[in-house]
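Participant: Just so you know, the protein sequences line up as chains A and B, in that order.
Using this note's numbering, you'd call the opening residue of the first sequence number 1 and step up by one each time.
Using this note's numbering, you'd call the opening residue of the second sequence number 1001 and step up by one each time.
Using N, Cα and C, we set each Cβ at its ideal position, and we do this for glycine too.
This is the structure I want to talk about, given as structure tokens.
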Amino acid sequence: MHSDNRSPLALKLAAFGGLFFLLAPIALIFLYAFSTEEKSFQWPPPGYTLKWIGVTLGRADVWEAMALSVKVAAISTILALILGTLTAAAVARSKFFGRETISLLVILPIALPGIITGISLRSAFSLLDIPFSTWTIVLGHATFCIVIVYNNAVARFRRTSGALIDAAMDLGADGVQTFRLVILPNIATALLAGGMLAFALSFDEVIVTTFTAGNQTTLPIWMLEELVRPRQRPVTNVVAMAVVLVTVLPILAAYYLTKDGEHTAGSDK
Amino acid sequence: MTDAVTFQGVSRHFGPVKAVDAVDLSIRDGEFFAMLGPSGSGKTTCLRLIAGFEQPTAGHIAIFGERAEGVPPYLRNVNTVFQNYALFPHMNVRENVAFGLRVKGVGKAERHRAAEEALELVELGGYGHRRAGELSGGQRQRVALARALINKPRVVLLDEPLGALDLKLREQMQEELRKLQRALGLTFVFVTHDQDEALSMADRVAVFAEGKIQQIGTSEDIYRCPNTRFVADFVGSSNVLPADLAGVGRAGQWASLRPEDVVLDPAGREATVTGRFFHGRVTKLSLDLAGQSLTALIPAREDTPDVGEAARISWDPARVHLMEREA
Chain A
1 MHSDNRSPLA
11 LKLAAFGGLF
21 FLLAPIALIF
31 LYAFSTEEKS
41 FQWPPPGYTL
51 KWIGVTLGRA
61 DVWEAMALSV
71 KVAAISTILA
81 LILGTLTAAA
91 VARSKFFGRE
101 TISLLVILPI
111 ALPGIITGIS
121 LRSAFSLLDI
131 PFSTWTIVLG
141 HATFCIVIVY
151 NNAVARFRRT
161 SGALIDAAMD
171 LGADGVQTFR
181 LVILPNIATA
191 LLAGGMLAFA
201 LSFDEVIVTT
211 FTAGNQTTLP
221 IWMLEELVRP
231 RQRPVTNVVA
241 MAVVLVTVLP
251 ILAAYYLTKD
261 GEHTAGSDK
Chain B
1001 MTDAVTFQGV
1011 SRHFGPVKAV
1021 DAVDLSIRDG
1031 EFFAMLGPSG
1041 SGKTTCLRLI
1051 AGFEQPTAGH
1061 IAIFGERAEG
1071 VPPYLRNVNT
1081 VFQNYALFPH
1091 MNVRENVAFG
1101 LRVKGVGKAE
1111 RHRAAEEALE
1121 LVELGGYGHR
1131 RAGELSGGQR
1141 QRVALARALI
1151 NKPRVVLLDE
1161 PLGALDLKLR
1171 EQMQEELRKL
1181 QRALGLTFVF
1191 VTHDQDEALS
1201 MADRVAVFAE
1211 GKIQQIGTSE
1221 DIYRCPNTRF
1231 VADFVGSSNV
1241 LPADLAGVGR
1251 AGQWASLRPE
1261 DVVLDPAGRE
1271 ATVTGRFFHG
1281 RVTKLSLDLA
1291 GQSLTALIPA
1301 REDTPDVGEA
1311 ARISWDPARV
1321 HLMEREA
């Protein structure tokens, strides 16, 4: 590296400008969570208080929405972990007619706009006379959660050499032992990362949820409703802070987990 | 004595591809057996058939007299050293070596002691706590070997085990493998595409091409008396000539003539030099004799004609080997 690889001032300014543009609104959300003004957003906030945290903790509707979101995210993630891993194993491990097509079709739900997924699921549910419930939300979320888990798992399966499985069998391990002692340890971090990402995505999903929910209110839906009728506005901001923490931490963890997993090889060539 | 491995008319077809086609083979107990052939010749598929990763589409395989078709790899008393070692990346060296005992339910202390013993056998005592990724290619090779030996198999399969090593290390490992095999008295079945390696290490060699065995015999047999044009050409790059041009046999037959048996002789036949390569100990001449191309290895102390010049050559007809089969 040469010593004159420092970026010019203009580029630095542009980078800071971009970051400011991206992050300032989020900082504002945090700031208004502590504002004393509850009816409107006023700049600068007239005063600061911690009382909204207490108010939020005391509101039953927040807890209900939060509980529903956690439940939906957890069940969708578990469903996705099972189905996504199995699909990834099939696509990465064996050759069969139409394999490439299947691997494309699996990824399609995340490439499609959420609104299309939402509409198609809604019409499918009403065609089949399935009443809208927590379970229809779970099904809706599972569509994109499976893709996330699948993508993580398939990449790791491809990096994990088939020779490792041969070696385990050769040394006397039956199918169950091979899975437990060799396959699972090699894909575990990828599954954990995929699961965390899936959980975070499900937790803040709005569009598909709007189409697949009955009168259930997940946390993002609750926030949307709160903004429409201004009452104890900073409560919404406190909840938003909580959502940021719940979604950002798993995503960061997933990023570091898959990064550490880079050297997990045993590669073919 | 029962043979270690026998194949009776064994085929493994993948759709229209005949990876292994009607192979008969018997590997004796305690011998170092090499399967030699170019890539795609069926040698690795044969190895995988013995290990149990592939099942034959026809024919019978027996391991020490016991029928092997349908027996999964984990129930066979056969262990493999894989081409790129296939060490488990999430385990250290000791756990890798002890894996075979772990899945059998051997206790931790006992299997770690056994693993240490196996590591000492391959001169890697004290490396147990290292990760596979921290080892050099040669060391990984030894770990893979120790891992394959821990279950005390009667047959050890080695799939191009030295392919990834550099020349010097390869020669050293060749010697060590040979020594180890003799000391343990085990049957080693060794797959390679390197003819020197096969000839120098094995008691017997099977030469494969296109899913079939071309010839089985001792290294000397295969080198001196190749059965087919393929064997003559693949093992030691012999000249393959029409028999009448070589001065033996009758028209329509083929003969093989080793390049080192061609000598410069003022009273010999005239050929044109088309290439001349100095290799140190020998000079390699590419010659054109009456439209037939020919290679000669001439000791470096002799003067050789230059490209485009004429060379007079001859050979001792006793050195020419007439091939039994046409193909």
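Would you say Gly-1051 of chain B reaches chain A, if we count a Cβ-Cβ gap shorter than 8 angstroms as a contact?
Facilitator: Sequence index remark: in the second sequence, residue 1051 of chain B carries index 51 (1-based). The residue asked about is misnamed: residue 1051 of chain B is Ala in this sequence, not Gly. Output row for Ala-1051 of chain B: interface = yes.
Participant: Report the rounded CA-to-CA distance for Arg-1312 of chain B versus Leu-1264 of chain B, giving the unit in angstroms.
Facilitator: Indexing the second sequence from 1 puts residue 1312 of chain B at position 312. Indexing the second sequence from 1 puts residue 1264 of chain B at position 264. If you take the alpha carbons of Arg-1312 of chain B and Leu-1264 of chain B, they lie about 6 angstroms apart.
Participant: Measuring straight from C-alpha to C-alpha, what distance separates Val-106 of chain A and Thr-218 of chain A?
Facilitator: Walking along the first sequence from the start, residue 106 of chain A turns up at place 106. Walking along the first sequence from the start, residue 218 of chain A turns up at place 218. Looking at the two C-alpha atoms, the distance is approximately 26 angstroms.
Participant: My output table needs one value for Pro-1072 of chain B: the three-state DSSP class, helix, strand or coil.
Facilitator: The sequence position of residue 1072 of chain B within the second sequence is 72, counting from 1. If DSSP states are grouped into helix, strand and coil, Pro-1072 of chain B belongs with coil.
Participant: Let me know if Gly-140 of chain A comes out buried or exposed under the rule of 16 or more other beta-carbons within 10 Å of its beta-carbon.
Facilitator: Here residue 140 of chain A corresponds to residue number 140 of the first sequence, with the count starting at 1. Result: buried.
Participant: Let me know the secondary structure DSSP gives Met-223 of chain A once reduced to three states.
Facilitator: Here residue 223 of chain A refers to the residue found at position 223 when the first sequence is read from its first residue. Of the three classes helix, strand and coil, the one that applies to Met-223 of chain A here is helix, per DSSP.
Participant: Between Ala-1115 of chain B and chain A, is any beta-carbon pair separated by less than 8 angstroms?
Facilitator: The residue given as residue 1115 of chain B occupies position 115 in the second sequence. For Ala-1115 of chain B, the answer is no, since every Cβ of chain A falls outside 8 angstroms of its Cβ.
Participant: Per DSSP, which residues does Trp-1254 of chain B bridge with? Please list them.
Facilitator: Here residue 1254 of chain B is taken as the residue at index 254 of the second sequence, counted from 1. According to DSSP, Trp-1254 of chain B bridges with B:Pro-1242.
Participant: Counting contacts by CB-CB distance shorter than 8 angstroms, is Leu-171 of chain A in contact with chain B?
Facilitator: Along the first sequence, read from residue 1 onward, the residue named residue 171 of chain A stands at position 171. So yes, Leu-171 of chain A belongs to the interface.
Participant: Which runs of the beta strand (DSSP E) at least 3 residues long sit entirely within the segment 1072-1123 of chain B? Give them in chain order.
Facilitator: Runs found: 1078-1081.
Participant: Name the chain B residues that come within less than 9 angstroms of Asn-186 of chain A, Cβ to Cβ?
Facilitator: Counting from 1 along the first sequence, the entry for residue 186 of chain A is found at position 186. The answer, in chain order, is Phe-1088, Pro-1089 and His-1090.
Participant: Can you check which of these residues, B:Thr-1187, B:Ser-1219, B:Ile-1222 and B:His-1321, is closest to Glu-1031 of chain B by C-alpha distance?
Facilitator: Counting from one through the second sequence, the residue named residue 1031 of chain B turns up at place 31. Glu-1031 of chain B has its Cα closest to that of B:Thr-1187, out of B:Thr-1187, B:Ser-1219, B:Ile-1222 and B:His-1321.
Participant: Helix, strand or coil for Glu-1270 of chain B, going by three-state DSSP, please let me know.
Facilitator: Counted from its first residue, the second sequence places residue 1270 of chain B at position 270. Reduced to three states, the DSSP call for Glu-1270 of chain B is strand.
Participant: Find out if the Cβ-Cβ distance for the pair Val-228 of chain A, Ala-33 of chain A is shorter than 8 angstroms.
Facilitator: The residue labelled residue 228 of chain A in the question sits at position 228 within the first sequence. The residue labelled residue 33 of chain A in the question sits at position 33 within the first sequence. Not a contact, by the Cβ cut-off of 8 angstroms.
Participant: Could I get the ranges of all uninterrupted beta strand (DSSP E) runs contained in the segment 23-72 of chain A, with 3 residues as the minimum, in chain order?
Facilitator: As far as the segment 23-72 of chain A is concerned, it has no whole beta strand (DSSP E) run of at least 3 residues.
Participant: Please decide whether Ala-89 of chain A counts as near chain B, where near means a Cβ-Cβ distance under 8 angstroms.
Facilitator: The residue labelled residue 89 of chain A in the question sits at position 89 within the first sequence. Cβ-Cβ to chain B under 8 angstroms: no for Ala-89 of chain A.
Participant: Listing by chain order, which chain A residues have their CB less than 9 angstroms from the CB of Val-1103 of chain B?
Facilitator: One-based indexing of the second sequence puts residue 1103 of chain B at position 103. Ala-168, Leu-171, Gly-172, Ala-173, Asp-174, Gln-177, Thr-178 and Leu-181, listed in chain order.
Participant: Span of the alpha helix (DSSP H) holding His-1013 of chain B?
Facilitator: Mapped onto the second sequence, residue 1013 of chain B falls at position 13. Taken as a continuous stretch (DSSP letters only), His-1013 of chain B belongs to no alpha helix (DSSP H), being part of the beta strand (DSSP E) at 1005-1014.
Participant: Here's the rule: buried if 16 or more other CB atoms are within 10 angstroms of the residue's CB, otherwise exposed. What is Leu-249 of chain A?
Facilitator: Numbered from 1 along the first sequence, position 249 holds the residue referred to as residue 249 of chain A. When all chains shown are included, Leu-249 of chain A counts as exposed.
Participant: Can you name the residues of chain B whose CB is closer than 8 angstroms to the CB of Ser-161 of chain A?
Facilitator: Start at 1 with the first residue of the first sequence, and residue 161 of chain A comes out as number 161. Residues of chain B passing the Cβ test: Asn-1084 and Ala-1086.
Participant: If you compare alpha carbons, which of B:Val-1320, B:Leu-1149 and B:Ser-1041 is closest to Arg-1012 of chain B?
Facilitator: Reading the second sequence from its first residue, position 12 is the one you call residue 1012 of chain B. Of B:Val-1320, B:Leu-1149 and B:Ser-1041, the residue nearest in Cα terms is B:Ser-1041.
Participant: Quick one: measure Cβ to Cβ for Val-1078 of chain B and Val-1155 of chain B, integer angstroms, because I've assumed they're closer than 8 angstroms.
Facilitator: Translated into the one-based positions of the second sequence, residue 1078 of chain B becomes position 78. Translated into the one-based positions of the second sequence, residue 1155 of chain B becomes position 155. Going by Cβ atoms, the distance from Val-1078 of chain B to Val-1155 of chain B rounds to 5 angstroms, so yes, they are a contact pair.
Participant: Roughly how many whole angstroms lie between the Cα atoms of Ser-126 of chain A and Ala-14 of chain A?
Facilitator: The residue you call residue 126 of chain A lines up with position 126 of the first sequence. The residue you call residue 14 of chain A lines up with position 14 of the first sequence. Each residue's alpha carbon lies about 50 angstroms from the other.
Participant: Between which two residues does the beta strand (DSSP E) harbouring Lys-1179 of chain B extend?
Facilitator: As a first step, residue 1179 of chain B must be located in the second sequence, where it is residue number 179. Lys-1179 of chain B -> not in any beta strand (DSSP E); alpha helix (DSSP H) instead, spanning 1167-1184.
Participant: Would you call the segment 160-175 of chain A in contact with the segment 1096-1109 of chain B, where contact means no fewer than 3 C-beta pairs closer than 8 angstroms?
Facilitator: Touching, per the Cβ criterion.
Participant: Just the C-alpha distance for Ser-1200 of chain B and Gly-1065 of chain B, rounded to the nearest angstrom, thanks.
Facilitator: Sequence index remark: in the second sequence, residue 1200 of chain B carries index 200 (1-based). Sequence index remark: in the second sequence, residue 1065 of chain B carries index 65 (1-based). Answer to the nearest angstrom: the Cα atoms are 29 angstroms apart.
Participant: Give a yes or no on whether the minimum CB-CB distance between Leu-191 of chain A and chain B is below 8 angstroms.
Facilitator: The residue you call residue 191 of chain A lines up with position 191 of the first sequence. False, the Cβ-Cβ gap to chain B never drops below 8 angstroms.
Participant: Which of the three DSSP states is assigned to Ala-253 of chain A in this structure?
Facilitator: Walking along the first sequence from the start, residue 253 of chain A turns up at place 253. Ala-253 of chain A: helix per DSSP, three-state reduction.
Participant: By Cβ distance, which residues of its chain are closer than 7 angstroms to Gly-1308 of chain B, with the 5 residues on each side in sequence left out?
Facilitator: By 1-based counting over the second sequence, the position of residue 1308 of chain B is 308. So the list reads Val-1273, once near-sequence residues are dropped.
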